[in-house]
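Student: Got a structure for you, questions after.
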Amino acid sequence: MFDIHQLLENKEFDRSVFEAFPFYLISNPHPMAELINPNRKDISDGYEKEFKTMTDLDVSQEQLVQTRENLISLNKRTRPRLSRGRLL
């Protein structure tokens, strides 16, 4: 989520990122349905133990959770326009 957060913050999250999404779907070991409509996991433990000290940039857990929600919403709004029929 940190990388996506940075892309969104820097306005670098564009159509090309979504055009690459089908390749991510077919190359990922997780089921496509899980990637398209993910189960949300609590990131508190991982954030505190692993992420918090990994970067000099100040990104809160709440920002990462909001980024996840924004990405899911953006994916649902954008995916139909990218003709998902080509993949399925």
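Every number in this note's numbering is 5 more than the matching position in the sequence shown, counting from 1. For every residue, glycine included, the Cβ atom is placed at its ideal position computed from N, Cα and C.
Looking at the unbroken alpha helix (DSSP H) that takes in Asp8, where does it start and where does it end?
Tutor: Its alpha helix (DSSP H) spans residues Phe7 to Glu14.
Student: Assign Thr72 to one of two classes, buried (16 or more other C-beta atoms within 10 Å of its C-beta) or exposed (fewer than that).
Tutor: It counts as buried.
Student: Taking Val70 as the reference, give the member of Arg82, Ile48 and Tyr29 with the closest Cα.
Tutor: Looking at the Cα atoms, Ile48 is the closest of the given residues.
Student: Any idea if His35 is buried or exposed, counting beta-carbon neighbours within 10 angstroms, 16 or more meaning buried?
Tutor: Answer is exposed; the Cβ neighbour count stays below 16.
Student: For the alpha helix (DSSP H) containing Asn80, list its first residue and its last residue.
Tutor: Residues Gln66 to Thr83.
Student: Would you kindly work out how many angstroms separate the C-alpha atoms of Lys57 and Arg82, rounded to a whole number?
Tutor: C-alpha separation (whole angstroms): 31 angstroms.
Student: If you check the beta carbons only, do Ile77 and Pro43 fall under 8 angstroms apart?
Tutor: It is a contact, given that the beta carbons lie within the stated cut-off.
Student: Specify the secondary structure class of Lys54 as computed by DSSP and reduced to three states.
Tutor: If DSSP states are grouped into helix, strand and coil, Lys54 belongs with the helices.
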